[in-house]
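Trainee: The sequence shown: position 202 = 202 (the UniProt record's numbering), numbered continuously.
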Amino acid sequence: MKEKKLLNKHQCQPNEDTDDSDDDKPFRVTLATTSTALPKTQSPNVLKGLSSPVHGSSHSAKTKVSIKKSDKDLKDDISLSSKFQLKIMEVHTVRIHDFDDDKARKMQHCSQWWLLSLAVFLLAFTVQANENGVKTAVFLSPKFELGAGQVEDKYYLNVDFPRGHIAIKEFNGEVVDELGNPVPLHETYLHHWVVRKYYAPKGVEVPENNGDHQKLDMAENIRVRNAGVCQGDVLGQYFGIGSETRKTTVYIPNPYGIEIGNPAEIPSEYEERWMLNVHAIDTRGVVDRMGCTECRCDLYNLTRDEHGRPFPSGYVGGLKCCHDKTQCMVQEGFENIKRSLYLRYTVKWVDWEDTIVPVKIYILDVTDDGKRVDHGSTEQVESQGCKVEYDVESCNGNDLENNRCIDTKRASIVMPHGGDVIYGVAHQHSGGLGSTLFREDGQPICSSIAIYGEGEEAGNEAGYIVGMTSCYIQPGTVRISDKETLILESYYNSTQKHTGVMCLFYILVADSPPKHVFSLAILLDALKMLSVYQWAIVFIGVIATVIGTNHAARKMQQCSQWWLLSLAIFLLALTVQANENGVKTAVFLSPKFELGAGQVEDKIYLNIDFPRGHVAIKEFNGEVVDELGNPVPLHETYLHHWVVGKYYAPKVVDEVPEGNGDHHKLHKSKHIRVRNAGVCQGDVLGQYFGIGSETRKTKVYIPDPYGIEIGNPAEISSEYEERWLLNVHAIDTRGVVDRMGCTECRCDLYNITKDEHGRPFPSEYVGGLRCCHDKSQCMVQEGFENIKRSLYLRYTVKWVDWEDTIVPVKIYIFDVEYDVEPCNSNDLGNNGCIDTKRASIVMPHGGEVIYGVAHQHSGGLSSTLFKEDGQAICSSIAIYGEGEEPGNEAGYIVGMTSCYIQPGTVRVFDKETLILESYYNSTQKHTGVMGLFYILVADSPPKHVFSLATLLEALKMLSLYQWALIFVGVAAAVFGVHYLRRNRKEGSYQSINRAVDI
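1. To the nearest angstrom, report how far apart G308 and D288 are at their CA atoms.
2. Under a Cβ-count criterion, where at least 16 other Cβ atoms within 10 Å of its own Cβ denotes burial, should I337 be classed as buried or exposed?
3. Would you tell me roughly how many angstroms separate the C-alpha atoms of L488 and S447, rounded to the nearest one?
4. Could you check if S922 is buried or exposed, using at least 16 other CB atoms within 10 Å of its CB as the buried criterion?
5. For K754, which three-state DSSP category applies?
6. Of all the options L299, K618, L936, which has the alpha carbon lying nearest to the alpha carbon of H845?
7. Where DSSP assigns a beta bridge to W724, which residues make up the other side?
8. How should F866 be labelled, buried or exposed, when 16 other C-beta atoms within 10 angstroms of its C-beta is the threshold for buried?
9. Which class does G291 belong to by DSSP, given the choice of helix, strand or coil?
10. Counting Cβ pairs closer than 8 Å, one from the region 710 to 717 and one from the region 743 to 754, do we hit at least three?
11. Which partner residues of Y472 appear in the DSSP bridge assignment?
12. Nearest-angstrom Cα distance between Q599 and S776?
13. Roughly how many whole angstroms lie between the Cα atoms of T637 and D732?
14. Please tell me whether P416 and E259 are closer than 7 Å, where the distance is taken between their beta carbons.
15. Can you confirm whether the region 594 to 611 touches the region 721 to 729 when touching is taken to mean that 3 or more C-beta pairs between the two stretches lie within less than 8 Å?
16. Given that a residue counts as buried once 16 or more other Cβ atoms are within 10 Å of its Cβ, and exposed if not, what is G431?
17. Put S790 into one of helix, strand or coil per three-state DSSP.
18. Buried or exposed for D910, please, with buried defined as at least 16 other CB atoms from any protein chain shown within 10 angstroms of its CB.
19. Assuming contact is defined by CB atoms lying nearer than 7 Å, are V278 and L343 in contact in what I supplied?
20. Between which two residues does the beta strand (DSSP E) holding L299 run?
21. Keeping to the same chain, check which residues put their C-beta closer than 7 Å to that of V820; ignore five residues upstream and five downstream.
22. Are the Cβ atoms of W349 and V615 separated by less than 7 Å?
23. Reducing DSSP to helix, strand and coil, say where A890 ends up.
24. Anyone know if the C-beta pair for T499 and R296 falls short of 7 Å?
25. Report all residues from its chain with a CB closer than 8 Å to the CB of T743; omit the five preceding and five following residues, and keep chain order.
26. So, are the CB atoms of A938 and E848 less than 7 Å apart?
27. Note the first and the last residue of the continuous alpha helix (DSSP H) segment covering T585.
28. Buried or exposed for K618, going by 16 or more other Cβ atoms inside 10 Å?
29. Going along the chain, which unbroken runs of the beta strand (DSSP E) with 3 or more residues stay wholly within the region 688 to 727?
30. I'd like the list of long-range same chain contacts for E484, defined as Cβ closer than 8 Å, with 5 residues on each side in sequence excluded.
31. Keeping to the same chain, check which residues put their C-beta closer than 6 Å to that of I901; ignore five residues upstream and five downstream.
32. On the premise that C833 lies in contact with N396, defined as a C-beta separation below 8 Å, what is that separation, rounded to the nearest angstrom?
33. Whose CA, out of V842, G783, E454, lies closest to the CA of I915?
34. By the 10 Å Cβ neighbour count, where 16 or more other Cβ atoms means buried, how is V175 classified, buried or exposed?
35. Nearest-angstrom Cα distance between Y934 and A677?
36. Report the three-state DSSP secondary structure of F933 (helix, strand or coil).
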């Protein structure tokens with residue numbers, strides 16, 4: 001063995017003045033290892049800082065440090081659990097000798113921060129996760145043949161599938177031909193594919209008639225369903241979607257996975273197997289492609305189901321009419337050429353480890369009425385529970401004119417068990433617009449929007465849903481409780497009747513908290529997710545432990561070290577209560593404005609009432625009210641938009657001009673306008689706050705620790721003061737000849753050919769803001785009694801006094817107005833009446849996106865903001881009213897769903913290009929519509945001091961793995977201090993400067 005002296009010039013130096021009162025015998029530290037073999041899948045790790053490697057094997061190590069002084073052995077064993085599966089390829093013995101005790105004792109005066117550094121090092125110390133552990137396999141289903149108009153709906157037992165105790169990370173599929181070429185949906189429509197689990201007796205072969213589910217013998221097999229929630233065996237599959245399969249992201253993030261092959265769950269004498277159902281419809285040459293894919297019974301010439309039972313009255317289309325071997329009507333004379341097809345499915349998985357957190361699969365159905373049969377009953381009533389599919393009735397002429405052609409179906413669903421929702425995605429058919437899952441209190445959990453193709457190639461087929469946006473939810477941010485009721489909403493275009501449509505919602509739920517052992521690889525992922533505030537918790541906890549333990553050690557040497565650990569944890573979690581009453585609220589009224597039938601208000605008011613001082617705005621909202629304070633419905637006074645902007649005015653200008661409200665007369669030469677962070681040119685969309693008709697039901701509260709900073713003295717010139725201006729654009733639609741036309745500012749209804757500055761419109765300009773400026777008049781029905789009334793914008797502001805712990809956010813607003821052209825008859829027949837406008841937007845600066853919401857006009861369906869790589873940042877869906885009262889006006893957008901994004905999960909970079917898509921119903925022409933998108937972005941990371949109140953919020957967000965980080969850090973600190981104190985008691989100690997890298 002090689003011997004090395006470990007003290008060098010970089011170590012704590014002995015203090016020559018220290019007393020030497022102990023004996024001068026040398027001592028040594030011997031580092032030895034004992035090991036056991038690890039699985040071959042583990043990659044080797046090297047013990048850094050030492051030489052003499054032992055080659056040829058990987059190890060899991062138990063490390064012992066033995067301190068020998070003279071003939072007396074003082075042993076202190078440190079055991080690293082084999083659960084961490086660390087590998088050591090070097091074994092080395094190091095002797096420290098020829099040191100006098102006086103030198104060792106003099107080392108006691110070295111800074112104890114060395115111990116803190118060691119604790120922090122141990123806290124952050126991890127092994128690299130093996131990213132190559134994900135395995136991938138591509139399989140083909142049994143071959144099936146389809147001719148024009150024919151249907152495949154077979155069930156195949158014991159399909160190829162990964163075996164063993166594993167965690168599924170991704171499962172997807174598509175229809176391909178014999179050459180492996182993807183087949184487009186307009187040739188073979190993939191209605192759905194599903195994969196189910198079952199247990200089969202060992203040694204039982206698959207029957208010869210595999211694929212014919214009427215003949216399949218499942219008597220000896222045990223079906224295994226997902227976690228719920230439908231009755232019996234309905235929607236019990238583990239995997240499967242439909243036409244959207246190619247462009248829907250379904251990867252399950254770490255540390256989660258779908259556990260399969262667990263020997264503890266499989267009955268003895270049985271083995272786990274998998275069943276595949278493929279439902280595909282060949283639409284080549286059919287007389288009505290949409291009708292065939294929607295399984296309209298008349299096109300299949302069916303009046304009875306596959307069991308010979310007559311259909312219920314009113315059943316005109318759905319799964320019962322397009323079962324296996326049925327035939328949809330084909331055009332006369334079309335050449336029927338059969339072809340061989342397969343479902344090609346790709347599976348990704350990892351070998352099971354205790355560090356993986358299993359997720360439960362829930363499939364929610366918007367047709368679920370919540371009714372279930374009694375336990376004593378043997379048969380579920382077909383009309384109860386999850387019915388899987390439903391029909392969408394076409395809207396009538398009035399609805400079409402008033403833009404009410406959006407069918408909304410809603411279901412209340414009781415969750416049998418709770419947990420952390422970590423993923424969500426919807427499944428819809430052509431005509432679907434999107435779906436949103438809400439919590440019981442109305443908080444959106446996930447909005448999944450339909451993505452339509454625009455071409456002919458596979459994966460981009462026009463008129464078909466080729467993808468659904470997915471939600472990846474930060475663990476711990478959405479926890480549902482046992483028996484909590486969730487609300488599922490489905491939105492379909494109802495310009496034509498749809499039969500047999502679906503709206504299923506898949507969510508993955510993990511137990512909260514997951515009860516599993518830890519691995520340092522998983523802790524590495526958790527470490528990356530720690531915010532600066534959560535790191536502060538770790539830092540404070542370690543410091544508190546070091547100080548507290550060191551102070552008490554002399555008097556508490558006989559106490560259990562676990563008592564000290566408990567004290568450390570208590571000190572770690574100790575915080576002061578955040579002052580929830582720190583949020584202040586004020587309600588203001590705009591200057592009064594008067595409107596008669598068809599008249600327009602579009603004034604700009606300077607120096608409006610507003611909170612003063614250095615504050616952080618937490619919420620800002622507004623609505624139109626009358627003189628009695630009653631909210632005014634949109635079908636009487638349409639709130640096109642309201643915006644609030646910031647400007648600096650000279651302090652000597654005490655009064656606002658007499659023409660306040662008339663932006664032609666406002667004297668702006670002395671004012672300095674202050675805009676938001678971007679991204680439009682000049683002063684366009686430079687406001688700080690403001691939306692439109694959706695103001696009453698759109699969530700705009702800014703979560704802690706964020707806020708919009710205003711009134712910062714450092715930003716305001718000494719000769720100026722901060723002020724605020726308000727623009728209210730309202731249109732009185734009482735008695736007008738065309739309510740929708742007036743709200744969309746159609747120029748012919750306003751009898752305007754020039755803008756407010758007298759400039760003629762371009763020839764193609766037929767509607768928009770230029771035609772409904774202040775004091776313009778929309779056409780009113782002859783004889784309508786014109787009664788003017790006084791109105792106000794009542795706006796509510798919430799704020800807190802500014803503190804350094806608040807993280808300021810920047811406001812970005814994307815896009816502006818445009819026209820939507822009506823779809824033609826072919827589009828209507830093929831359900832292509834969805835207008836998509838797309839823009840590429842370069843972000844001037846990056847940061848963490850923490851909030852997002854869209855603004856659209858009537859006719860809008862939704863809007864989605866994507867990152868450059870296609871990752872969805874936020875999907876914001878239009879919420880339409882269903883009645884007459886304010887906040888629920890039928891035909892109007894009364895709210896937009898908002899996205900609250902867990903900090904650190906969505907980071908945009910300087911100069912990154914974002915993709916904005918806006919979706920409108922195009923069954924009629926729309927003029928002057930908008931597709932704006934607001935996002936709030938915080939600097940990443942925020943550079944601010946800490947407060948315990950803010951740390952309390954961060955503490956609530958810590959996951960179990962992040963708590964484990966804290967635990968490791970505190971435990972390391974406890975051990976370090978205890979080790980130091982014990983060696984002091986013995987009279988000497990020696991630090992080791994060679995780090996052991998495990």
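Even glycine gets a Cβ: it sits at the ideal position worked out from N, Cα and C.
Mentor: According to the structure shown:
1. For the purposes of this step, residue 308 is taken as residue 308 along the sequence shown, with counting starting at 1. For the purposes of this step, residue 288 is taken as residue 288 along the sequence shown, with counting starting at 1. Cα-Cα distance, rounded: 26 Å.
2. Against the sequence shown, residue 337 aligns to sequence position 337. I337 comes out exposed.
3. Counting from one through the sequence shown, the residue named residue 488 turns up at place 488. Counting from one through the sequence shown, the residue named residue 447 turns up at place 447. Each residue's Cα considered, the two are about 10 Å apart.
4. Position 922 of the sequence shown, counted from the start, is the residue given in the question as residue 922. By the neighbour-count rule (16 or more Cβ atoms within 10 Å), S922 is buried.
5. Here residue 754 refers to the residue found at position 754 of the sequence shown. Of the three classes helix, strand and coil, the one that applies to K754 here is strand, per DSSP.
6. Taking the first residue of the sequence shown as position 1, residue 845 is located at position 845. Looking at the Cα atoms, L936 is the closest of the given residues.
7. Residue 724 sits at position 724 when you count from the first residue of the sequence shown. Answer by DSSP bridge pairing, in chain order: K646.
8. Indexing the sequence shown from 1 puts residue 866 at position 866. Under this definition F866 is a buried residue.
9. For the purposes of this step, residue 291 is taken as the residue at position 291 of the sequence shown. It is helical.
10. no
11. For the purposes of this step, residue 472 is taken as the residue at position 472 of the sequence shown. For Y472, which the question treats as bridged, DSSP gives the partners Y423.
12. Within the sequence shown, residue 599 is the residue found at index 599, counting from 1. Within the sequence shown, residue 776 is the residue found at index 776, counting from 1. Distance between the alpha carbons of Q599 and S776 is about 6 Å.
13. For this step, residue 637 is matched to residue 637 along the sequence shown. For this step, residue 732 is matched to residue 732 along the sequence shown. Approximately 4 Å, taken between the alpha carbons.
14. If you number the sequence shown from 1, residue 416 lands on position 416. If you number the sequence shown from 1, residue 259 lands on position 259. Result no, Cβ atoms of P416 and E259 do not sit closer than 7 Å.
15. yes
16. As a working note, residue 431 is residue 431 in the sequence shown. By the 10 Å Cβ count, G431 comes out buried.
17. Start at 1 with the first residue of the sequence shown, and residue 790 comes out as number 790. In the structure shown, S790 sits in a strand (DSSP, three-state: E or B).
18. The residue given as residue 910 occupies position 910 in the sequence shown. Exposed: under 16 other Cβ atoms inside 10 Å.
19. As a first step, residue 278 is located in the sequence shown; it is residue number 278 there, counting from the start. As a first step, residue 343 is located in the sequence shown; it is residue number 343 there, counting from the start. Their beta carbons are under 7 Å apart, which means V278 touches L343 by this criterion.
20. What you label residue 299 is simply residue 299 of the sequence shown in a count that begins at 1. First-last for L299: 297 to 300, but that is the alpha helix (DSSP H), not the beta strand (DSSP E).
21. Position 820 of the sequence shown holds residue 820. Taken in chain order, the residues that qualify are D835, G859, Y920, S922, K925, H926, V929.
22. For the purposes of this step, residue 349 is taken as residue 349 along the sequence shown, with counting starting at 1. For the purposes of this step, residue 615 is taken as residue 615 along the sequence shown, with counting starting at 1. Not in contact: W349 and V615 (Cβ atoms no closer than 7 Å).
23. Indexing the sequence shown from 1 puts residue 890 at position 890. Note: A890 maps to strand in three-state DSSP.
24. In the sequence shown, the residue the question calls residue 499 occupies position 499. In the sequence shown, the residue the question calls residue 296 occupies position 296. Yes, the Cβ-Cβ distance between T499 and R296 is below 7 Å.
25. On the sequence shown, position 743 is the one that residue 743 refers to. So the qualifying residues of the chain are Y638, H640, I731, T733, H857, S858.
26. Mapped onto the sequence shown, residue 938 falls at position 938. Mapped onto the sequence shown, residue 848 falls at position 848. Yes, the pair counts as a contact, with Cβ atoms nearer than the cut-off.
27. Against the sequence shown, residue 585 aligns to sequence position 585. In this chain, T585 is not harboured by any alpha helix (DSSP H); it is covered by the beta strand (DSSP E) spanning 584 to 589.
28. Position 618 of the sequence shown, counted from the start, is the residue given in the question as residue 618. Answer is buried; the Cβ neighbour count reaches 16.
29. For the region 688 to 727, the continuous beta strand (DSSP E) assignments of 3+ residues that do not extend past its boundaries occur at 706 to 710, in sequence order.
30. By one-based count along the sequence shown, residue 484 stands at place 484. Only V414, M415, G418, R439, E440 meet the Cβ criterion.
31. By one-based count along the sequence shown, residue 901 stands at place 901. Closer than 6 Å at the Cβ level, and outside the excluded window around I901, lie V849, I850.
32. Numbered from 1 along the sequence shown, position 396 holds the residue referred to as residue 396. Numbered from 1 along the sequence shown, position 833 holds the residue referred to as residue 833. No, N396 and C833 are not in contact; Cβ-Cβ is about 16 Å, not under 8 Å.
33. Here residue 915 refers to the residue found at position 915 of the sequence shown. Checked all of V842, G783, E454; the closest Cα to I915 is V842.
34. On the sequence shown, residue 175 is found 175 positions in, with the first residue counted as 1. Burial call: buried.
35. Translated into the one-based positions of the sequence shown, residue 934 becomes position 934. Translated into the one-based positions of the sequence shown, residue 677 becomes position 677. If you take the alpha carbons of Y934 and A677, they lie about 11 Å apart.
36. What you label residue 933 is simply residue 933 of the sequence shown in a count that begins at 1. Strand.
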